[in-house]
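Under my numbering, the first residue of the sequence shown carries the number 85, and numbering increases by one thereafter.
All C-beta atoms in this analysis are idealised placements derived from N, C-alpha and C, irrespective of residue type, glycine included.
Here the structure is a predicted model, which is why all the values come from computation and not from measurement.
Input: a single structure, listed below in structure tokens.
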Amino acid sequence: MRTQVAIVGAGPAGMLLSQLLHLQGIDSVVLERRSREYVQQRVRAGVLEQGTVDVLRDADVAERLEKQGHPHHGVNVQFDGERLRIPLSELTGGRTITVYGQQEVVKDLADRRERDGGRVYYEVSDVSVDGIDTEQPVVRFTSDGSTRELRCDYVAGCDGFHGVCRNAVPDSVRTTYERVYPFGWLGILAEVAPSSEELIYSNHPNGFALHSLRSSELSRLYLQCDPRDPIEQWPDERIWEELQTRLGTPDWKLREGPVIDKNITALRSFVTEPMSYGRLFLAGDSAHIVPPTGAKGLNLAVADVDRLARALTDRYHNGSTTGLETYSQECLRRVWRVQHFSWWMTSMTHRFDGPDSAYDRRLQRSQFDYLCSSDAAATTLAENYVGLAAV
Ligand code: FAD
Ligand code: DHB
């Protein structure tokens, strides 16, 4: 089998890349180890930056997003029950974020690729990447019990944090930067109308909590927890009690309803450099992970893929390899800005245990007071949260 671009991973990065290339007449094949149903049911991110919505619109997959997505003009930050609304649009010249589930983005992309006859192989195994330092890379995989070979011009590693592509970059040229946080997030999806029209990030002495939403009937909520906690230790009653405690204010209460999805994710920061080697290009979580506090993981994946699609288009249409050569360096500028913002949001809103915990909490209080009293501080949060256009 042959294609121009072999794409490993059918998450948002891989599927969007395939669609953007298709619109430019560039052929790709996507290889995914999970089933289509599994990929589309995975509940993950929900906040899209305006730049992400623009890319999805350019990719011609924003029809449902435009009808069902919820544009937000503000976000709330809370400390010890005191709530501050940050007017995102007012502080950023009218920019917004849109709440629309990641699995809906993936579904829209998969439907669209299917309609256009795109080649996406689900439930493949044993994916391996060879010859990335030659002009004819080969991706081998097993599908329906037989071993197959995919010859290509370029390989896009969109296979997430646990994928295989990153390891195809030789150790001698690869550097990784990492921070593992001593906490995780317990996330639930609940069949109940959201209790607030806008998101609430709350720092409470018991730990962090986040109120988000998916629609007028679905709430999405998160709690800081021990990443090693077995999920059975968190029956629904305990989750609601903890959410009420951490999010409640004297004049505001959380609405409760049936929990329809529940999982625990560990928090980490991770970057691998460079993001390309020979004919292999990494995009999204295969190259970098951020703690979810800044709602950036999905948006960063889209920014990478948008750049990669442009670089490949320039290569195929104009014979220029400049975009491919500068891909890693250009992506990493945004990656590190987002690493910093995600770390900063995490530091400001989570409970840190340890010998300095009382000191840390005083610093968090001071940062919150500064946000409350300074437009400059609030603007820093706002412009990073809605997404910096020129990075
Ligand atoms: P992924 O979505 O991980 O897609 C990679 C795909 O590659 C997967 O479908 C995987 O099955 C496939 N794959 C892996 N290995 C192979 C292989 N060897 N062969 C073939 N296919 C392979 N971000 C937020 O902003 N907010 C959140 O609340 C949030 N929650 C998250 C919860 C979890 C459990 C995780 C893991 C991530 C979360 N994120 C969140 C981050 C966000 O979802 C990711 O940044 C986003 O999914 C990145 O997209 P991607 O396409 O790069 O990677
Ligand atoms: C959501 C997830 C996030 O990580 C975040 O910072 C805000 C919202 C969500 O799933 O809705």
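Residue i and residue j: beta carbons closer than 8 Å?
{"i": "Pro221", "j": "Cys236", "result": "yes"}
{"i": "Ala473", "j": "Gly177", "result": "no"}
{"i": "Ile181", "j": "Val131", "result": "yes"}
{"i": "His480", "j": "Phe267", "result": "The requested residue 480 does not occur in the structure, where the chain is confined to residues 85 to 475."}
{"i": "Ile344", "j": "Leu273", "result": "yes"}
{"i": "Leu366", "j": "Cys249", "result": "yes"}
{"i": "Gly158", "j": "Leu172", "result": "yes"}
{"i": "Leu351", "j": "Thr463", "result": "no"}
{"i": "Tyr306", "j": "Trp269", "result": "yes"}
{"i": "Ser119", "j": "Arg197", "result": "no"}
{"i": "Pro96", "j": "Val190", "result": "yes"}
{"i": "Leu115", "j": "Val208", "result": "yes"}
{"i": "Ser212", "j": "Arg203", "result": "no"}
{"i": "Arg394", "j": "Gly407", "result": "yes"}
{"i": "Tyr285", "j": "Gln162", "result": "yes"}
{"i": "Leu234", "j": "Met99", "result": "no"}
{"i": "Gly244", "j": "Gly368", "result": "yes"}
{"i": "Val276", "j": "Gly332", "result": "no"}
{"i": "Ser112", "j": "Val89", "result": "yes"}
{"i": "Leu382", "j": "Ala143", "result": "no"}
{"i": "Leu447", "j": "Arg418", "result": "no"}
{"i": "Ser476", "j": "Cys242", "result": "Lying before the first or after the last residue shown, residue 476 is absent from the chain, which here runs from 85 to 475."}
{"i": "Glu301", "j": "His156", "result": "no"}
{"i": "Val127", "j": "Ala94", "result": "no"}
{"i": "His106", "j": "Asp200", "result": "yes"}
{"i": "Ile110", "j": "Tyr400", "result": "yes"}
{"i": "Ser227", "j": "Tyr205", "result": "yes"}
Leaving aside the five residues before and after residue i along the sequence, list all residues of the same chain whose C-beta is less than 6 Å from its C-beta, in chain order.
{"i": "Lys380", "result": "Val374, Val422 and Ser426"}
{"i": "His288", "result": "Arg330"}
{"i": "Phe444", "result": "Before going further, note that residue 444 is Asp rather than Phe in the sequence given. So the list reads Phe436, once near-sequence residues are dropped."}
{"i": "Val139", "result": "Val386 and Asp390"}
{"i": "Ser303", "result": "Ala274, Val276, Pro278 and Leu297"}
{"i": "Gly378", "result": "Phe425, Ser426 and Met429"}
{"i": "Arg148", "result": "Asp192"}
Relative to the ligand DHB, is the shortest distance from any of its heavy atoms to the C-beta of residue i smaller than 7 Å?
{"i": "Ser303", "result": "no"}
{"i": "Thr377", "result": "yes"}
{"i": "Leu283", "result": "yes"}
{"i": "Leu465", "result": "no"}
{"i": "Gly130", "result": "yes"}
{"i": "Ser360", "result": "no"}
{"i": "Ser286", "result": "no"}
{"i": "Val389", "result": "no"}
{"i": "Leu294", "result": "yes"}
{"i": "Pro223", "result": "Here residue 223 turns out to be Val, not Pro, going by the sequence shown. No, Cβ of Val223 sits at least 7 Å from all heavy atoms of the ligand DHB."}
{"i": "Val183", "result": "yes"}
Once you ignore the five residues that flank residue i on each side, which residues in its own chain have a CB closer than 7 Å to its CB?
{"i": "Arg391", "result": "Tyr411, Glu414 and Cys415"}
{"i": "Arg258", "result": "Thr356"}
{"i": "Leu465", "result": "Ile170 and Leu455"}
{"i": "Leu327", "result": "Ala293, Leu305, Leu307 and Leu338"}
{"i": "Ile216", "result": "Val239, Ala252, Tyr361, Gly362, Arg363 and Leu364"}
Run the proximity test for residue i: is its beta-carbon closer than 7 Å to any non-hydrogen atom belonging to the ligand FAD?
{"i": "Val419", "result": "no"}
{"i": "Glu116", "result": "yes"}
{"i": "Thr349", "result": "yes"}
{"i": "Glu309", "result": "It is Cys, not Glu, that sits at residue 309 in the sequence shown. No, Cβ of Cys309 sits at least 7 Å from all heavy atoms of the ligand FAD."}
{"i": "Ala252", "result": "no"}
{"i": "Ser370", "result": "yes"}
{"i": "Cys242", "result": "yes"}
{"i": "Thr204", "result": "In the sequence as displayed, the identity of residue 204 is Val instead of Thr. For the ligand FAD, not one heavy atom lies less than 7 Å from the Cβ of Val204."}
{"i": "Leu392", "result": "no"}
{"i": "Pro278", "result": "no"}
{"i": "His434", "result": "no"}
{"i": "Pro155", "result": "no"}
{"i": "Gly229", "result": "no"}
{"i": "Gly135", "result": "no"}
{"i": "His246", "result": "yes"}
{"i": "Arg213", "result": "One detail in the question is off: residue 213 reads as Val in this sequence, not Arg. Incorrect: Val213 has no Cβ contact closer than 7 Å to the ligand FAD."}
{"i": "Leu382", "result": "yes"}
{"i": "Ala94", "result": "yes"}
{"i": "Gly471", "result": "no"}
{"i": "Gln186", "result": "yes"}
Apart from the five residues on each side of it in sequence, which residues of its chain come closer than 8 Å, Cβ to Cβ, to residue i?
{"i": "Gly153", "result": "Leu132, Val137, Thr182, Val183 and Tyr184"}
Cβ of residue i less than 8 Å from any chain B Cβ?
{"i": "Asp310", "result": "Considering every chain present, this structure includes no chain B. It has just one protein chain."}
Can you determine whether any heavy atom of the ligand GDP sits closer than 7 Å to the C-beta of residue i, and answer yes or no?
{"i": "Gly438", "result": "Within the structure as shown, the ligand GDP is missing, the only ligands being the ligand FAD and the ligand DHB."}
*4 or more residues per run - each alpha helix (DSSP H) lying fully within the stretch 326 to 404*: 381 to 402
*Please list the segments of the beta strand (DSSP E) lying wholly inside the stretch 109 to 189, counting only runs of 3 or more residues, in order along the chain.*
112 to 115, 131 to 133, 154 to 156, 159 to 163, 166 to 170 and 181 to 183
*Uninterrupted alpha helix (DSSP H) stretches inside the stretch 419 to 475 (no shorter than 4 residues)*: 441 to 457 and 459 to 470
*Please go through the stretch 215 to 289 and give each complete alpha helix (DSSP H) segment of 4 or more residues, from N-terminal end onward.*
none
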